[in-house]
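Below: one structure, written as structure tokens.
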Amino acid sequence: MATSEESKPVGREPEQAKCSGELAVSLDLLERELGEAVLAERVQGPRRAEVRLARDRHLQALKALRAAFPELRLSAITGTDLGQELELLYHLRVGGSILTLRTGVPKEEPMVATITGLVPGADLHEREVYDMLGITFEGHPNLKRLLLPDDAPESFHPLRKEVEARTIRPVETSPVLQPVITAESGRYLTLVIGPQHPALHEPERFVFLVEGEVVVDVDIRIGYAHRGIEEAAERRDYIHNIYLCERVCGICNVAHSMCFCSAVEELLGLEVPARARYLRVVAAELNRLHSHMLLLGVAAEEMGFSTLFMYIWRDREAVMDLMEMLTGNRVISSFNRIGGVSRDMTPELARKMRSRLPELKERLEHYLEVFTTDPTILARTEKVGLLSRQKAIDYCAAGPTLRASGVDFDVRRDDPYAAYEELSAMRVVVRPEGDNLARYVARLEECLVSVDLIDEALEKLPDGPVRVKAPRRVPPDEVIYTVEAPRGELLYYVRSDGTTRPARVKIRTPTFTNLAALREMLRGAYLADVPVTLASIDPCFSCTDRVVVVDVRDGTARACGLWELARGRPPAREGA
Numbered sequence: 003m004a005t006s007e008e009s010k011p012v013g014r015e016p017e018q019a020k021c022s023g024e025l026a027v028s029l030d031l032l033e034r035e036l037g038e039a040v041l042a043e044r045v046q047g048p049r050r051a052e053v054r055l056a057r058d059r060h061l062q063a064l065k066a067l068r069a070a071f072p073e074l075r076l077s078a079i080t081g082t083d084l085g086q087e088l089e090l091l092y093h094l095r096v097g098g099s100i101l102t103l104r105t106g107v108p109k110e111e112p113m114v115a116t117i118t119g120l121v122p123g124a125d126l127h128e129r130e131v132y133d134m135l136g137i138t139f140e141g142h143p144n145l146k147r148l149l150l151p152d153d154a155p156e157s158f159h160p161l162r163k164e165v166e167a168r169t170i171r172p173v174e175t176s177p178v179l180q181p182v183i184t185a186e187s188g189r190y191l192t193l194v195i196g197p198q199h200p201a202l203h204e205p206e207r208f209v210f211l212v213e214g215e216v217v218v219d220v221d222i223r224i225g226y227a228h229r230g231i232e233e234a235a236e237r238r239d240y241i242h243n244i245y246l247c248e249r250v251c252g253i254c255n256v257a258h259s260m261c262f263c264s265a266v267e268e269l270l271g272l273e274v275p276a277r278a279r280y281l282r283v284v285a286a287e288l289n290r291l292h293s294h295m296l297l298l299g300v301a302a303e304e305m306g307f308s309t310l311f312m313y314i315w316r317d318r319e320a321v322m323d324l325m326e327m328l329t330g331n332r333v334i335s336s337f338n339r340i341g342g343v344s345r346d347m348t349p350e351l352a353r354k355m356r357s358r359l360p361e362l363k364e365r366l367e368h369y370l371e372v373f374t375t376d377p378t379i380l381a382r383t384e385k386v387g388l389l390s391r392q393k394a395i396d397y398c399a400a401g402p403t404l405r406a407s408g409v410d411f412d413v414r415r416d417d418p419y420a421a422y423e424e425l426s427a428m429r430v431v432v433r434p435e436g437d438n439l440a441r442y443v444a445r446l447e448e449c450l451v452s453v454d455l456i457d458e459a460l461e462k463l464p465d466g467p468v469r470v471k472a473p474r475r476v477p478p479d480e481v482i483y484t485v486e487a488p489r490g491e492l493l494y495y496v497r498s499d500g501t502t503r504p505a506r507v508k509i510r511t512p513t514f515t516n517l518a519a520l521r522e523m524l525r526g527a528y529l530a531d532v533p534v535t536l537a538s539i540d541p542c543f544s545c546t547d548r549v550v551v552v553d554v555r556d557g558t559a560r561a562c563g564l565w566e567l568a569r570g571r572p573p574a575r576e577g578a
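Residue numbers for the sequence shown follow our numbering, beginning at 3 and rising by one.
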């Protein structure tokens, strides 16, 4: 890794000419606009490059890049502790490439300017870095803890190298629900959804400010199930981290393990066998199918369409059976390995799996017709939860949420991995409407693409081994790897220090970046449309089934079930 002392002088190395067109333009632009503030450049591959900037020049660089690339989006912000100083890495998605802006932050004065004025979607990213590393983003509109409890000591930032989490104890016990929004007028109600309920696997809290039936604003608080996985990854070797990463999200476990393994393979310079790359596509698309069908069933249930919910989940069982045939497991697959995959398949098994696909595709086409013609579904989803194309870009949406607002981007095609580049069935589903219906229909259409990809991958499955041997010790370097998880772009940043354990693992899940876009969807929405809109981004936590309504006029609180919200019946005031 290039630290401040190791920075290379500005200037193109011969291999840098091999980078993508958008990266070449970006590097030239930054040299021209920032001059000596560009301390170093490095091209890490055809679609990866980084620029080291002088302190406090990241905002100027971002302004220049956004002017040149209107669709530029923030993929993630990685904060690292290098010992003597802190460092920020802004990972920017420029077309199919990622450009990283790197800047140092002194430990004695950990302050930088916020980028939320340019990129509103950076809100939660900056709050996460503030929480984990203690870097203050000057000008941030709502800089406060995001993942850690409110009663954590002010100096406690767990990714600092000098901090030992086991020695920290809370100073005082904070209430379960902190007052987040204070209304100055009796016209407003504060609605608190979450955080705890027996039905929630990953509790979150949404605090809505509502005027009558209309949502005025919403504040999102996550971290109630924070497990410290990034810190834990630094204490385990690369092999054990495969199983750790799979458990970031059980539903998207194939995407997580594939992204981590691919990142380590890139650090090692390993060439994964072609057969393993094709099998990874099969596993990833089965994972996408079961995730999308799970969400579509939940959406039907929230709209009061219980029969459709049961039918979709019944047909989802066929996908789970196929996953078990391929990996030996129905849920946590444990399929990906550094260097390939864990299991091979026989020609007989490939034929058996392919024979199940036509019926599955027929059922998916039927559900697509239902979602696009049923008057109940159309009434609950069409022109509801709107997210414009520009807002989707500004708030850094990902996956079907981004594509359903008219942005034509998919990691599988634009930043290809595994064997996607070799499959003709790969097609990107884009819809222009930007409403709840578009997001649900986009997922159904993606399911049809997934069936075709699985069929083609099994048909063209090449001969050969399914994995190669990988060394346990990884050379010092760093890599950024992305895959298209069911919910959107998943990013892993892995830095090696030459040992058997990573020095830093940064994980940015698609739900994390979609939450900023969710706030925009909910502003101006009717209260009855909140559950269906929440579900439309397929958040990586169970859909909330209980809210508490607090009347700021008299302080009374009343409970309200999800069914009441879904049917548009908010709780009545006592005595009303």
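Here a beta-carbon is modelled for each residue, glycine too, at the ideal position from N, C-alpha and C.
Touching by the beta-carbon criterion (3+ pairs, under 8 Å), the segment 394-411 and the segment 34-48: Output reads no: the segment 34-48 does not touch the segment 394-411.
Cβ-Cβ distance between His60 and Ala78 below 7 Å: No. Outside cutoff.
Could you compute how far the alpha carbon of Glu111 sits from the alpha carbon of Gly196? Near 36 Å, if we compare the C-alpha coordinates of Gly196 and Glu111.
Going by DSSP in three states, Tyr495 sits in which element: helix, strand or coil? Strand.
Hey, would you say Val209 sits closer than 7 Å to Arg521, going by beta carbons? Pairing Val209 with Arg521 gives a Cβ-Cβ distance that is not under 7 Å.
Look at the Cβ atom of His436, then the Cβ atom of Leu370, and state whether they are nearer than 7 Å. The sequence shown places Gly at residue 436, rather than the His named in the question. In this structure, Gly436 keeps its C-beta atom at 7 Å or more from the C-beta atom of Leu370.
Cross-strand partners of Tyr92 (DSSP beta bridge): Paired residue(s): Ile79, Leu103.
Helix, strand or coil at Asn338 [DSSP, three-state]: Asn338 falls in the strand class under three-state DSSP.
Are at least three pairs of beta-carbons, each pair with one atom in the segment 94-101 and one in the segment 43-61, less than 8 Å apart? A contact exists between the segment 94-101 and the segment 43-61.
Between the CA atoms of Val507 and Met523 - distance to the nearest angstrom: Spanning the two alpha carbons is a distance of roughly 31 Å.
Buried versus exposed call for Glu361 [16 or more other C-beta atoms within 10 Å across all chains shown]: Glu361 comes out exposed.
Look at Val256 and Ala285 and say whether their C-beta atoms are less than 7 Å apart. Against a cut-off of 7 Å, the Cβ pair of Ala285 and Val256 comes out as a contact.
Within the same chain, show all residues whose beta-carbon is closer than 6 Å to that of Pro402, passing over the 5 residues directly before and after it, in chain order. Excluding positions up to five away in sequence, the list reads Arg441, Ala444, Arg445.
Check each candidate in Asp416, Ala537, Arg414 and name the one with the smallest Cα separation from Leu517. The shortest CA-to-CA distance from Leu517 to any of Asp416, Ala537, Arg414 is the one to Ala537.
Say whether the segment 285-304 touches the segment 325-336, bearing in mind that this needs 3 or more beta-carbon pairs closer than 8 Å, one atom from each stretch. With the cut-off at 8 Å, the segment 285-304 and the segment 325-336 touch.
Considering only the alpha carbon of each residue, which of Met260, Arg44, Val194, Gly330 lies closest to Ile244? Shortest Cα-Cα distance from Ile244 to any of Met260, Arg44, Val194, Gly330 involves Met260.
Quick one: give me the first and last residue of the alpha helix (DSSP H) that Thr374 is part of. The continuous alpha helix (DSSP H) containing Thr374 extends over residues 349-375.
Please classify Gln86: does DSSP put it in a helix, a strand, or coil? Three-state result, Gln86: coil.
Under the three-state reduction of DSSP, which class applies to Leu193: helix, strand or coil? The answer is strand: DSSP assigns Leu193 an E or B state.
Nearest candidate by alpha-carbon position, reference Arg54, set Leu149, Glu43, Ala63: With distances taken between Cα atoms, Arg54 lies closest to Glu43.
Tell me the rounded alpha-carbon separation between Asp454 and Arg358. Between Asp454 and Arg358, the C-alpha separation is close to 12 Å.
Which residues in the same chain as Ala56 place their Cβ atom closer than 7 Å to its Cβ, once the five residues preceding and following it in sequence are excluded? Result list for Ala56: Ala39, Leu41, in chain order.
Could you please give the first and the last residue of the uninterrupted alpha helix (DSSP H) stretch that includes Arg316? Residues 308-329.
Near Arg189, which residues of its chain fall below 7 Å by C-beta distance, leaving aside the five closest residues on each side in sequence? Excluding residues up to 5 positions away in sequence, Glu213 lie with their Cβ nearer than 7 Å to the Cβ of Arg189 in the same chain.
Any idea if Arg510 is buried or exposed, counting beta-carbon neighbours within 10 angstroms, 16 or more meaning buried? Classification of Arg510: buried, given that the 10 Å Cβ count is 16 or more.
Please state whether the Cβ-Cβ distance between Glu486 and Arg414 is less than 7 Å. Inclusion of Glu486 and Arg414 in the CB contact set at 7 Å is warranted, their separation being smaller than that value.
Extent of the continuous alpha helix (DSSP H) run through Leu450: Run containing Leu450: 438-461, per the alpha helix (DSSP H) assignment.
Assigned exposure category for Glu215 - 16 Cβ within 10 Å defines buried: Exposed, by the Cβ-count rule.
Does DSSP classify Phe514 as helix, strand or coil? Phe514 falls in the helix class under three-state DSSP.
Which residues in the same chain have their Cβ closer than 8 Å to the Cβ of Arg162, if we skip the five residues on either side of it in sequence? Counting only Cβ-Cβ distances below 8 Å, and skipping sequence neighbours, we find Asp83, Leu135, Gly136.
Answer yes or no: do Asp465 and Val432 have a C-beta to C-beta separation smaller than 7 Å? Their beta carbons are not under 7 Å apart, which means Asp465 does not touch Val432 by this criterion.
Can you tell me which of the three DSSP states Gly490 falls into? Of the three classes helix, strand and coil, the one that applies to Gly490 here is strand, per DSSP.
CA-CA distance, Asp133 and Phe373? Their Cα atoms are separated by approximately 41 Å.
Buried or exposed: which applies to His127, given that a residue is buried once 16 or more other Cβ atoms fall within 10 Å of its Cβ? The residue in question, His127, is buried, as its Cβ has 16 or more Cβ neighbours within 10 Å.
For Ile395, list the residues DSSP reports as bridge partners. Per DSSP, none; premise fails for Ile395.
Nearest-angstrom Cα separation, counted from Ile379 out to Glu233: Roughly 43 Å between the two C-alpha positions.
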